[in-house]
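Asker: Next up is a structure, given as C-alpha cells.
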Amino acid sequence: MGRLRPRERPAFSGFTKAEIEKMEKLLKESGEQLLNREICQRIAKGFNRSSGRAGKPIVKWNEVHSWFQNQQQNVPEASKNLPVLPKASPSNGTDENLERPKEDSSKAGERIPDSLEAGKRIPALLELEFEARSSKDGAWYDVDVFLAHRFLSGEFEVCVRFVGFGAEEDEWVNVKKSVRQRSIPLEHSECHKVKVGDLVLCFQEKRDQAIYYDAHVLEIQRRLHDIRGCRCLFLLRYDHDDSEERVRLRRLCHVLR
Numbered sequence: 006m007g008r009l010r011p012r013e014r015p016a017f018s019g020f021t022k023a024e025i026e027k028m029e030k031l032l033k034e035s036g037e038q039l040l041n042r043e044i045c046q047r048i049a050k051g052f053n054r055s056s057g058r059a060g061k062p063i064v065k066w067n068e069v070h071s072w073f074q075n076q077q078q079n080v081p082e083a084s085k086n087l088p089v090l091p092k093a094s095p096s097n098g099t100d101e102n103l104e105r106p107k108e109d110s111s112k113a114g115e116r117i118p119d120s121l122e123a124g125k126r127i128p129a130l131l132e133l134e135f136e137a138r139s140s141k142d143g144a145w146y147d148v149d150v151f152l153a154h155r156f157l158s159g160e161f162e163v164c165v166r167f168v169g170f171g172a173e174e175d176e177w178v179n180v181k182k183s184v185r186q187r188s189i190p191l192e193h194s195e196c197h198k199v200k201v202g203d204l205v206l207c208f209q210e211k212r213d214q215a216i217y218y219d220a221h222v223l224e225i226q227r228r229l230h231d232i233r234g235c236r237c238l239f240l241l242r243y244d245h246d247d248s249e250e251r252v253r254l255r256r257l258c259h260v261l262r
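Sequential numbering of the sequence shown, starting at 6, is according to our numbering.
What follows is the structure, encoded as C-alpha cells:
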C-alpha cells in the first residue's frame with residue numbers, strides 16, 4: 006500500500022473550499038437564477054448530504070442565498086450584461102484545461118470512445134454526487150468529475166478527478182467496486198438507524214491526515230443524549246487494515262447502496 010494521501014480539512018468557517026468552488030461554477034453558469042429559493046434549498050441539501058461536511062454545522066438555504074447575493078453585488082455592472090453560457094451536457098461539454106491521464110504502454114491497444122477523448126469531460130451532477138475509492142490508500146474521496154470511461158478485461162472503469170486534487174492524482178477505478186453515491190453524514194437523531202454489522206463510512210482524523218474509510222459496526226453502547234447530542238459509542242473494525250476503534254456518531258456517514 007502506498008503512502009497515505011493527506012486530505013485537506015480546514016476548520017469550519019462557513020462554506021468549505023469545495024462548496025465555494027461549486028457555487029462559483031454555478032454562478033458563472035446560471036447567474037441570477039440562483040437567487041431562487043428552491044434552487045438554494047437544493048444546493049444546501051446537496052452540501053449537507055456530502056461526506057465532506059461530516060462533523061460540521063448544516064448549511065441553511067438562506068446562507069446559500071446570501072452568498073450568491075453578495076457575489077452578484079460585487080460583480081462589475083459591465084460583466085452583469087454578458088450573456089450566460091449554456092450548461093455543458095454529456096454530449097457537448099468540453100474543458101480545454103483538463104488533461105487526460107496517460108495510459109500504460111501495455112494498454113495502448115485500448116481506445117477511449119471518441120466522445121470521451123482528451124479535453125472532454127462528463128460534468129458532475131448537482132443533485133447526484135459520487136465518491137470513489139483510491140487504489141493508493143483504500144480511502145474514499147469525493148469525485149469532482151468523471152473524465153473518461155473504458156472496458157478492461159470485461160470490467161467497466163472510469164477515470165476520476167478527486168475534489169481538491171489535480172490531474173496528477175487522477176485514477177482509473179472499477180465502477181462496480183470503487184464508485185458509489187456520496188455517503189450521508191448521520192444526524193444526532195439518527196443513531197438508532199445504525200445497527201451491529203452495518204457498513205459505515207468513518208472519518209479518521211490523525212495528526213498528518215484526515216481520510217474516510219469503510220468500516221463495519223461491531224458493538225454499540227447506547228447512551229442517553231444530552232445538550233451536545235448523541236453520546237453513544239460505536240466500536241468499528243476498519244475494512245482496509247482490520248484495526249478497531251470506538252467513535253462518536255458525528256464521525257459516521259451512512260453508505261448509500
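The C-beta atom is built at its ideal place from N, Cα and C for all residues, glycine as well. Since this is a predicted model, take the numbers as computed values, not measurements.
Over the uninterrupted alpha helix (DSSP H) stretch that includes residue 47, give me the two end residues.
Answerer: 42-53
Asker: Thinking C-alpha only, which one of 230, 248, 226, 231 is nearest residue 238?
Answerer: 226
Asker: Based on the DSSP secondary-structure assignment, which residues constitute the bridge partners of residue 240?
Answerer: Residue 240 pairs with 224, 251.
Asker: Which stretch, first to last residue, makes up the beta strand (DSSP E) that contains residue 161?
Answerer: 160-167
Asker: Can you give me the C-alpha to C-alpha distance between residue 47 and residue 66, rounded to a whole angstrom?
Answerer: For residue 47 and residue 66, the distance between alpha carbons rounds to 8 angstroms.
Asker: Indicate whether residue 204 and residue 223 have their beta-carbon atoms separated by less than 7 angstroms.
Answerer: At a Cβ-Cβ threshold of 7 angstroms, residue 204 and residue 223 do not count as neighbours.
Asker: Would you list the one or two residues that DSSP bridges to residue 147?
Answerer: 136
Asker: Who pairs with residue 206 in a beta bridge, going by DSSP?
Answerer: According to DSSP, residue 206 bridges with 219, 258.
Asker: Could you tell me whether the Cβ atoms of residue 168 and residue 49 are closer together than 7 angstroms?
Answerer: no
Asker: Measuring CB to CB, does residue 207 end up less than 7 angstroms from residue 254?
Answerer: By the CB criterion at 7 angstroms, residue 207 and residue 254 fall outside the cutoff.
Asker: Distance, Cα to Cα, residue 43 vs residue 19?
Answerer: Residue 43 and residue 19: Cα-Cα distance of roughly 21 angstroms.
Asker: List the whole-angstrom C-beta distance separating residue 242 from residue 249, where the pair is believed to meet the contact cut-off of C-beta under 8 angstroms.
Answerer: Indeed, because the Cβ distance is near 5 angstroms, the residues count as touching under 8 angstroms.
Asker: Which word fits residue 38, buried or exposed, when buried means at least 16 other C-beta atoms lie within 10 angstroms of its C-beta?
Answerer: exposed
Asker: According to the neighbour-count rule (16 or more other Cβ atoms, all chains shown, within 10 Å of its Cβ), is residue 57 buried or exposed?
Answerer: buried
Asker: Would you kindly work out how many angstroms separate the C-alpha atoms of residue 73 and residue 62, rounded to a whole number?
Answerer: 19 angstroms
Asker: Identify every residue that forms a DSSP beta bridge with residue 153.
Answerer: 164
Asker: Three-state secondary structure (DSSP) at residue 233?
Answerer: coil
Asker: Quick one, which of 35, 25, 184 has its alpha-carbon nearest residue 136's?
Answerer: Taking each of 35, 25, 184 in turn and checking the Cα distance to residue 136, the smallest one comes out for 184.
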